[in-house]
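This report concerns only the one structure given below.
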Amino acid sequence: MPKKIFVNLPVTDLPKAMAFYQAIGFENNPQFTDDTAACMVWSEAIFVMLLTHDKWRTFTKRPIPPATSSEVLLAISFDDIAAVDTILDAAAAFDGAPDINAKQDYGWMYSRSFADPDGHVWECMWMDMAAAGA
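Start counting the sequence shown at 90; every next residue gets the next number (our numbering).
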């Protein structure tokens, strides 16, 4: 079985979170979705599980951080700069907070970040691997 990652995120409003993630390009897998959780697919190897706070608490007793804090920065790659800008535009249109960190443009690497409606931070980046070595 190929290695996969399932990122679990607590959300305050599951339907709103699902709509947000669908708007920025994730697809819902209904096989692993119910009233307490939704499986959102980014790729064959990357899945985001959106969990209601009650469902989250069945996995851990650790407190859910407030939306104003960042426990992790989730980074995803894109094929080009335009795709990075497109997802930031979509995030902004669906109650996300675009450019919560400074945009980075080094010529060979470009990144922008947004927070989803629950404050989870995503960094979207493109990199020219051939130029990165130089």
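By construction, the Cβ of each residue, glycine as well, lies at the ideal position given by its N, Cα and C atoms.
Q) According to DSSP, what are the bridge partners of D169? A) Numbered from its first residue, the sequence shown carries residue 169 at position 80. Answer is none; D169 lacks a bridge partner.
Q.
Strictly by DSSP, which residues pair up with P99?
A. For the purposes of this step, residue 99 is identified with residue 10 of the sequence shown, where counting begins at 1. Note: P99 sits in a beta bridge opposite L140.
Q: Let me know if G196 comes out buried or exposed under the rule of 16 or more other beta-carbons within 10 Å of its beta-carbon.
A: Taking the first residue of the sequence shown as position 1, residue 196 is located at position 107. Exposed, since its Cβ has fewer than 16 Cβ neighbours within 10 Å.
Q) For L103 versus T157, is the C-beta spacing smaller than 7 angstroms? A) In the sequence shown, residue 103 corresponds to position 14, counting from 1. In the sequence shown, residue 157 corresponds to position 68, counting from 1. Not in contact: L103 and T157 (Cβ atoms no closer than 7 angstroms).
Q.
Give the list of continuous alpha helix (DSSP H) stretches no shorter than 4 residues that lie fully inside the segment 169-208.
A. 170-182
Q.
Just to confirm my understanding: we take A108, look at its own chain, exclude 5 residues before and 5 after, and list those with CB closer than 8 angstroms. What are they?
A. In the sequence shown, counting from the first residue as 1, residue 108 sits at position 19. Closer than 8 angstroms at the Cβ level, and outside the excluded window around A108, lie F183.
**Q.** Residue of F203, Q193, A204 minimising C-alpha distance to M248
**A.** Residue 248 lies beyond the range of the chain shown here (90 to 223); nothing can be said about it.
Q | Status (buried if at least 16 other CB within 10 Å, exposed otherwise) for S202 | A | To locate residue 202, count along the sequence shown from 1; it is residue 113. Buried.
**Q.** Outcome for M218 when other beta-carbon atoms lying within 10 angstroms are tallied against a minimum of 16
**A.** Within the sequence shown, residue 218 is the residue found at index 129, counting from 1. Answer is exposed; the Cβ neighbour count stays below 16.
Q: May I have the straight-line CA-CA distance separating P187 from V96, to the nearest angstrom?
A: As a first step, residue 187 is located in the sequence shown; it is residue number 98 there, counting from the start. As a first step, residue 96 is located in the sequence shown; it is residue number 7 there, counting from the start. For P187 and V96, the distance between alpha carbons rounds to 21 angstroms.
**Q.** the segment 125-133 contacting the segment 169-176, beta-carbon criterion three pairs below 8 angstroms
**A.** no
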